[in-house]
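Below is one structure, written out as structure tokens; comments come after it.
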Amino acid sequence: MTRRIVYVLLIVAMTTMLGATATAQDDMEIYVLGVALPFTGSFGTFGQDFERGIDLAVAQMNGELEAAGSAIRFETASADTEQTPEGAARALQTIVQTTGAQVVVGPLTTSEVLGAKQFADENGVIIVAMASSGPAASIPGDNIFRVIYPPDTFSSKAFASIALERGHQNMVVLYVDDPFGNGMNEQFIKNYQASGGGEVASFGYAPQSTELSAEAAAVSAALAGFGEDAGFFCVCFPGAAEAFVQVSQIDPILTSVQWLGNEAMTSDEMLADPGHAQTLANADFVTVSQSADSTPLTPIFHADFVAMFDKEPGIFTNYAFDAANIAMLTMLAAGNDGAAVKSMLPFISNHYIGTAVQAFLDENGDQAIASYGIRQVAEDGSGFVLIGSYDGNTDTITYK
Amino acid sequence: MTPLLEMKNLRKDFGGLRAVDNVSLQVPEGAIIGLIGPNGSGKSTLINLIAGSTDLSSGQVLFASQDISDLPADEVFKLGIARGYQEPALYFKMTVLDNLLLPVKDQRGERPWYAPWRRSWQHEEAAHAEAAVQVLEQVQLLHHYDTLASDLSGGQMKLLEIARCLMGKPQLLLLDEPTAGVAPKLAYEIFQQIARLRDDFGITLLIVEHRLEILFDFADYVYVMHLGKLLAQGAVDEIANDAIVREVYFGD
Amino acid sequence: MGDNLPPALLTTSLVNTIQIGSLYALMALGITLTFSVMKLPNFAHAEYATAGAYAALIVSLSGVLNPLVIMIAAFVVGALSALISHLAVFKPLERRDVSFYTLILASFAVGLIIRYILFTMADYFNLFDLRIAIPLRVLFREGTLILSNLFAWVVPTSLVLVFILTLLLNRSPLGREMRALANNVNLARVIGIPVERVKNYTWLLVGGLAGVAGALWGLQTAVHPLMGWGAIISVFAAAILGGLSSFSGTILGAYVVAFSENTVILFLNVNYGVDLAYKPAIPFIIIIVVLLFRPQGLTKLIRRAGDLGR
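Chains as they are written, first to last, in the numbering used here: chain A, 1 to 400; chain B, 1 to 252; chain C, 1 to 310.
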């Protein structure tokens, strides 16, 4: 008998609560934050990690809004870009047409961003990208903002300066044949030759390639043609980077020159293989990557992320977190309206302290504060050591 | 005594067409049974139904009192029913010997974990080849054992088909016009071979045949089909003189 | 503008041709066999290779570095994924007598499913872009010719497996039955060949070989859920060069494709400035050219599949 009463009470209580939340939701104003990222493909892990960073930002924002008694709540709506330009356009369309989202965080690479651009511009949707750096997407007045991560016009200068400092008379570049790789290659050649560098032989590889023996053979032959003081610059995506190092290990030329390369060359997977680690160590491998400087927010983000997901945040996950915050803060200030967000976003962004660097936008809507770390692989290949920094705004390299 | 093969009320519809309509017939053990009828009367369909190559619409097929109505063709073959075709169906790009070794069942060399190791199955294979040689001797094709099946003459192909049936050690042989397209003299020889199968090995035979003059010399009992139905049945003399059969079959 | 390759580039690219061609041959033979025996152009074939590569990776990560054990693990996992995809998808579809095109689509779907199962697994255990832990060493060096231990592994293993498969198909009872299925499956049934069993065995062999190929491919590049898919067009080009029906044609086709992707593209790059990024276009061009010079197209090729049934 008592049990039956308990049941009845439970049901009554649940109905009331449901009713309460229902009424509560009726009063709520929901802002949808779109999330377009590659959840599949070779960048799938990045996409999934980035989404966790965005989820953390949204959860924290909603918590604060509730505590403050605000009626606004954020919800995310995500779609897979499949790491292709067409996929990114489809993802954006899906999100916008099913939820009416005005602001979308993502996509990841420059080629995806450019793929989604037309739909965004035509439909007044604002894209807040967190890691795209290809100069091809530096366009003034469009609906694309690329916060936190500066365009490669800066890092390519750093790479060119280091190549000249190391005394490389000529350079060979292997780059992924997409807007990011092409941009990096072009900018590098421009900066390198403007500062007195010699000839540059560039080889593009198709983004979908998983096997790079022919490319390695071509790079090796080009290096041999330039002679001893040539250097090598590798602009690869993850996967292809490992595949390339795999086949270069036994190449007598590639193992005897100095290498520069982008961040993808510095993954944990790369160093997990002793042969790869040794190859990079022998090549005095140096990379220039977005600053590892910390702001007061860096440790807080890290602790919150671990508390929420019980795992370490991946590389650049905090950039997604920052991009989501900038997007949400702008929506809170300007309302859930694409045009208003577009006009307000630079202001909010320029007053946002990021988890790694201060956000600040140029006339193209791209991050304009460019502060990089220069890291070299340790002699035993066990990890990367910070050997200096590069200030993109003053174009100066400072070694420790 | 129960017959070796018994068909009860077989029916087969192809879309709207009723190819076999309520046919019941019996094949006693050790008999040579003829099945005749004009083209399109459903004889070949009936053979397909027994062999499991075509699904029944309704009815029942019993073989040695076992219901085989729903069994697939390879199971039916394993139980001891082999068949030949009107157009000889052989593996033309394989040798005569290979054609005979194909129906041999359950040997080690059929397993992928033995197949690459010749030594593990070559004794078995040799024994099967020995059996094949004996069968080839019976049908007088031995000197052709290494010939490609496509290089044989029409009559030899028929004989090879029968030889292949024998490799399965069948109790019952279903033959669909074993003499079609064969010279008259060879046709008679083929039937002599067939009769010997019955006499020497006790194999029961159900034969569809158009050459009635030869069939009537060898058959014990004859069924006549017309438009999917069983029109008549009886001993050879009765059928040969049956007025209705003559009218349907010979048009006189 | 010169008109040849520097000797070092020529040697290296030829070594690559042999090494990569052997791997293509191992995978393409499986496609030819499935196509002949099962009448199925199986686009999920690449995924058996990826599954095998992951099996090899996991075994090597667990500390077992004996190459034989690694290859056996890859064989078993590849074989099982092939058999399961047959039993769960292709066999039920064949029972329903679906069209050839439905089967092609189904094979794409099966590939997609296996691929994303591997993705999920790789994501959970963080197994992206790792390498099977067999270190790469230079075994032989003479002038511009450099042979690695990988070459010494890949080429003989592939050649031996291809040789065994050819013997098995042409000389063993199982091979005889497989050829019979390739030639006339209905007759095979009527003469008591256990058709379903032979098909199961064929799938085991095909999947197993793909698995081993995947493991060897994983020594060549990094292990990733997309690695097999990345190679599938090249492998299909090899099989199509072989008319999808001839073993020797397929093996030759594999080396032709590898030669075009390594030596020819470098020749074009050095002499005519053709971008290396066009490399993935090569197998497509080969497929189109082959199909153009056989205006009868795929349907004719399907009938030609009987060539395997000697």
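Cβ atoms here follow ideal geometry from the backbone N, Cα and C, with glycine treated the same way. Nothing here was measured: the structure is a model prediction, and the numbers come from that model.
Proximal residues to residue i (C-beta, below 6 Å), its chain only, five neighbours per side dropped
| i | result |
| --- | --- |
| A/G314 | D49 |
| C/F247 | T166 |
| A/T266 | T287 and F384 |
| A/E73 | With the sequence shown as reference, residue 73 of chain A is identified as Arg, and Glu is not the correct amino acid for it. Excluding residues within five positions, the ones whose Cβ falls inside 6 Å are M28, I30 and N62. |
| B/Q107 | E124 |
| C/L150 | L136 and L219 |
| C/I132 | A56, L57, S60, G218 and L219 |
| A/T21 | Only weak support is given to the placement of A/T21: the predicted model assigns it a pLDDT of 46, under 50, and the value that follows is read from those uncertain coordinates. Excluding positions up to five away in sequence, the list is empty. |
| C/L40 | T34 and L103 |
The alpha helix (DSSP H) enclosing residue i, as first and last residue numbers
| i | result |
| --- | --- |
| B/E161 | G154 to M167 |
| A/A77 | Per DSSP, A/A77 belongs to no alpha helix (DSSP H); it is in the beta strand (DSSP E), I72 to D80. |
| C/T120 | F100 to F125 |
| A/V125 | Note, A/V125: premise wrong, no alpha helix (DSSP H); not H, not E. |
| B/R118 | R118 to Q138 |
| A/D142 | Premise fails: A/D142 is in no alpha helix (DSSP H) and is neither H nor E. |
| A/N182 | P179 to A194 |
| A/S294 | No alpha helix (DSSP H) contains A/S294, which DSSP labels as neither H nor E. |
| C/T50 | H45 to L61 |
| A/A101 | Run containing A/A101: none; DSSP gives neither H nor E here. |
Contact belief for residue i with residue j at Cβ below 8 Å, rounded distance in angstroms
| i | j | result |
| --- | --- | --- |
| A/S155 | A/N191 | In fact, because the Cβ distance is near 10 Å, the residues do not count as touching under 8 Å. |
| A/V32 | A/E51 | Wrong, their Cβ atoms sit about 15 Å apart, outside the cutoff. |
| C/G52 | C/A210 | 6 Å |
| A/V172 | A/V219 | 5 Å |
| A/T317 | A/N282 | So it is not a contact: roughly 31 Å between Cβ atoms. |
| A/D178 | A/S111 | 5 Å |
Same chain, Cβ closer than 8 Å to residue i, neighbours up to 5 away in sequence not counted
| i | result |
| --- | --- |
| C/L130 | L57, L61, A222 and V223 |
| A/D229 | G167, H168, Q169 and N170 |
| B/V27 | P3, L4, L5, E6, I33, L172, T204 and L206 |
| C/K199 | V37, M38, H86, K91 and L181 |
| B/V182 | G154, G155, K158 and I190 |
| A/M328 | Y31, L33, A57, V58, M61 and F74 |
| A/I162 | L260, V286, V288, I374 and I397 |
Residues near residue i in its chain [Cβ-Cβ closer than 7 Å; skip 5 each side]
| i | result |
| --- | --- |
| B/P170 | G80, I81, A82 and I203 |
| A/F39 | G47, Q48 and D80 |
| A/Y319 | M130, A131, I148 and Y149 |
| A/I95 | G34, A36, A77, A79, A101 and V104 |
| B/G168 | F77, A82 and P103 |
| A/E242 | E269, M270 and H276 |
| A/A24 | Unreliable placement is indicated for A/A24, whose pLDDT of 48 sits below 50; no coordinate value is reported for it. |
| B/P72 | G52 |
Opening and closing residue of the beta strand (DSSP E) in which residue i lies
| i | result |
| --- | --- |
| A/E29 | E29 to L37 |
| C/M71 | Counting along the chain, C/M71 falls outside any beta strand (DSSP E), though it belongs to the alpha helix (DSSP H) covering P67 to S85. |
| B/K12 | L5 to F14 |
Residue i Cβ short of 6 Å to the ligand NAP heavy atom set
| i | result |
| --- | --- |
| A/E269 | This structure simply doesn't include the ligand NAP, nor any ligand for that matter. |
CB contact below 7 Å: residue i versus chain F
| i | result |
| --- | --- |
| C/I191 | In the structure shown, chain F does not exist; the protein chains are A, B and C. |
Using 8 Å as the cut-off, can you tell me whether the stretch 270-289 of chain A makes contact with the stretch 196-211 of chain A, which would need three or more C-beta pairs spanning the two stretches below that distance?
The stretch 196-211 of chain A and the stretch 270-289 of chain A do not touch, with fewer than three beta-carbon pairs separated by less than 8 Å.
Should the stretch 296-308 of chain A be regarded as contacting the stretch 88-95 of chain A, the criterion being three or more beta carbon pairs within less than 8 Å?
No, because fewer than three Cβ pairs between the stretch 296-308 of chain A and the stretch 88-95 of chain A fall closer than 8 Å, the two stretches do not touch.
In chain order, each alpha helix (DSSP H) run of at least 4 residues that lies wholly inside the stretch 64-113 of chain B
Here the runs fully enclosed are 73-79 and 96-101.
Output the residue ranges of the beta strand (DSSP E) runs that lie fully inside the stretch 202-276 of chain C and measure 3 residues or longer, sorted by chain position.
For secondary structure counted as the beta strand (DSSP E) over 3 or more consecutive residues, the stretch 202-276 of chain C holds no complete run.
Could you tell me whether the stretch 222-238 of chain C touches the stretch 230-237 of chain B, using the rule of 3 or more Cβ pairs below 8 Å?
By the criterion of at least three beta-carbon pairs nearer than 8 Å, the stretch 222-238 of chain C is not in contact with the stretch 230-237 of chain B.
When the Cβ atoms of the stretch 351-362 of chain A are set against those of the stretch 138-154 of chain A, are three or more pairs found closer than 8 Å?
Result yes; three or more Cβ-Cβ pairs closer than 8 Å.
Do the stretch 192-209 of chain C and the stretch 212-232 of chain A make contact, defined as three or more Cβ pairs closer than 8 Å?
The stretch 192-209 of chain C is not in contact with the stretch 212-232 of chain A.
Does the stretch 24-34 of chain C come within contact of the stretch 233-242 of chain C, defined as at least 3 CB pairs closer than 8 Å?
The stretch 24-34 of chain C makes contact with the stretch 233-242 of chain C: 3 or more CB pairs, one atom from each, lie closer than 8 Å.
Which full runs of the beta strand (DSSP E) of 3+ residues lie inside the stretch 175-216 of chain B, going along the chain?
For the stretch 175-216 of chain B, whole beta strand (DSSP E) runs of length 3 or above, ordered along the chain, are 204-208.
With three or more beta-carbon pairs closer than 8 Å as the criterion, would you say the stretch 170-188 of chain A touches the stretch 250-261 of chain C?
The stretch 170-188 of chain A, when compared against the stretch 250-261 of chain C, does not touch it at the 8 Å Cβ threshold.
Does the pairing of the stretch 6-19 of chain B with the stretch 187-196 of chain B give three or more beta-carbon distances under 8 Å?
Counting Cβ pairs under 8 Å, fewer than three are found: no touch.
How about the stretch 83-98 of chain B and the stretch 158-172 of chain C: do they share at least three Cβ pairs that are nearer than 8 Å?
The stretch 83-98 of chain B vs the stretch 158-172 of chain C: no contact.
Taking contact to mean 3 or more Cβ pairs, one atom from each stretch, closer than 8 Å, check whether the stretch 214-221 of chain C and the stretch 258-275 of chain C are in contact.
With the cut-off at 8 Å, the stretch 214-221 of chain C and the stretch 258-275 of chain C do not touch.
What ranges does the alpha helix (DSSP H) occupy inside the stretch 124-197 of chain C, keeping only unbroken runs of at least 4 residues that lie completely in it?
You should have 149-171, 173-183 and 185-190.
So, does the stretch 3-15 of chain C touch the stretch 49-67 of chain B, judging by three or more C-beta pairs under 8 Å?
Touching, no, given that fewer than three Cβ pairs across the two stretches are closer than 8 Å.
Is there contact here, the stretch 43-58 of chain B with the stretch 125-142 of chain B, by at least three beta-carbon pairs under 8 Å?
Inter-segment contact for the stretch 43-58 of chain B and the stretch 125-142 of chain B is absent: fewer than three beta-carbon pairs are separated by less than 8 Å.
Counting only runs of 4+ residues fully inside the stretch 325-388 of chain A, write out the alpha helix (DSSP H) ranges in chain order.
Entirely contained in the stretch 325-388 of chain A, the alpha helix (DSSP H) runs reaching 4 residues are, in chain order, 338-349.
Please list the segments of the beta strand (DSSP E) lying wholly inside the stretch 222-271 of chain A, counting only runs of 3 or more residues, in order along the chain.
Whole beta strand (DSSP E) segments, 3+ residues: 230-235 and 259-261.
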